[in-house]
Amino acid sequence: MAGFLALDLYFVFIPSILGNPFLQFGAYLIFFPLAYFIAKWVGLNGLKGMGLVFHRGWLKNFIFSFWIGFSFWILMFVIQLLSGDLLWNGVLKSSELLMPLLMIIVGFFIGSFINDMIVRGFVINLLKDKLHVGWVYTISILIYALDDYWYAGFSVSNVIFSVILGLSLTYAFYRSGSIWADTGIHYGLNVAYGLFFGMVGSPGTSIFIIKEAVNQSLLSEVLYFFIPTLMFFAVLSVNKFYYHHKNDHKDFPFSLNT
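Per my numbering, the sequence shown starts with residue 883, numbered consecutively.
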């Protein structure tokens, strides 16, 4: 798993130690040739071997999944607003919207996309011919849950939450055969989060101005686990609407394949 560690540590640490956003963006761009060569080194077919394939229906999978993730997270925040666990203080002025909105749209897409390539695309495709499929997906979900430590800190509740969320992301990858359905869900819920709370570690980048109640109700704790569980059952029920990519030679791959 040296390849996984190299990619994961690069993604987590290198952009974060670069204070300039242009340098950070450059670091994210460098990730793709790095991932290509590491994937080749471990025996995968470049970026295509990490699930990055523009197959028939890829855009439909992405958009369909985006609305799944976005809708369930918006539902969670709306319930918290109605219950008083989140307090509404307004919306950013129109003159202040552009930069936070751009950060949410671009930043969360890059973060979701690269994380999915590493944790699901790389790990699953690397292990799928070596272990039983059940173990492969269990390992991917556990890695995702533990990897979230870098962003949310370690706690039992965070691990359980990430495991439940990982079920939807991993199943979407499994059923569709590529990264797009998975990333759509991931990106959608992150955009919803960003509207209310902004970028992780960047205060003042949210679109909606809200405040968390001092004393959170039991409802918020229940929602924290109930919403991702409900979303997983939704993904199970709508998987027939995904285009199911088969690994043939009719695709246009996003990698230098021969």
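Glycine residues also receive a C-beta, built at the ideal position from the N, C-alpha and C atoms.
DSSP three-state assignment for residue i, whether helix, strand or coil
i       : result
Phe1036 : coil
Thr1140 : Its pLDDT being 29, under 50, Thr1140 is placed unreliably in this model, and the coordinates cannot settle the point.
Leu924  : For clarity, residue 924 is Val in the given sequence; the question names Leu instead. Three-state result, Val924: coil.
Val1082 : coil
Gly885  : helix
Pro1135 : Reliability fails at Pro1135, whose pLDDT of 36 lies under 50, so the model's placement of it is uncertain and no value is given.
Tyr1106 : helix
Asn943  : helix
Thr1087 : coil
Gly908  : helix
Gly931  : helix
Gly901  : coil
Leu891  : helix
Gln962  : helix
Tyr1125 : coil
Ser977  : helix
Ser1099 : coil
Beta-carbon proximity of residue i to residue j, cut-off 8 Å
i       : j       : result
Leu926  : Leu1008 : yes
Phe913  : Ile996  : yes
Leu984  : Ile1089 : no
Ala1027 : Asn943  : no
Ile1042 : Phe886  : no
Ser947  : Gly1066 : yes
Phe990  : Gly1076 : yes
Ile1023 : Val1045 : yes
Leu969  : Ala888  : no
Arg1057 : Tyr1124 : yes
Arg1002 : Gly1086 : no
Gly908  : Ala921  : no
Asp890  : Leu1101 : no
His1127 : Val935  : yes
Gln906  : Pro915  : no
Tyr918  : Leu900  : no
Ile986  : Met1081 : yes
Asn1040 : Asp1029 : no
Integer Cβ distance of residue i from residue j, believed to fall under 8 Å
i       : j       : result
Leu1105 : Gly951  : In fact, because the Cβ distance is near 15 Å, the residues do not count as touching under 8 Å.
Ile992  : Tyr892  : Not really, about 13 Å apart at Cβ, beyond 8 Å.
Phe1078 : Ile1061 : With a Cβ gap of about 26 Å, Phe1078 and Ile1061 do not count as contacting.
Ala884  : Phe959  : Contact flag wrong, Cβ pair sits at about 40 Å.
Leu1051 : His1068 : 6 Å
Ser1099 : Ser965  : 6 Å
Val1117 : Tyr1053 : 6 Å
Ile1109 : Leu957  : 7 Å
Bridge partners - residue i, DSSP secondary structure assignment
i      : result
Leu969 : Lys1093
Which runs of the alpha helix (DSSP H), 4 residues or longer, sit entirely within the region 988-1070?
990-998, 1005-1009, 1015-1029, 1031-1034 and 1038-1058
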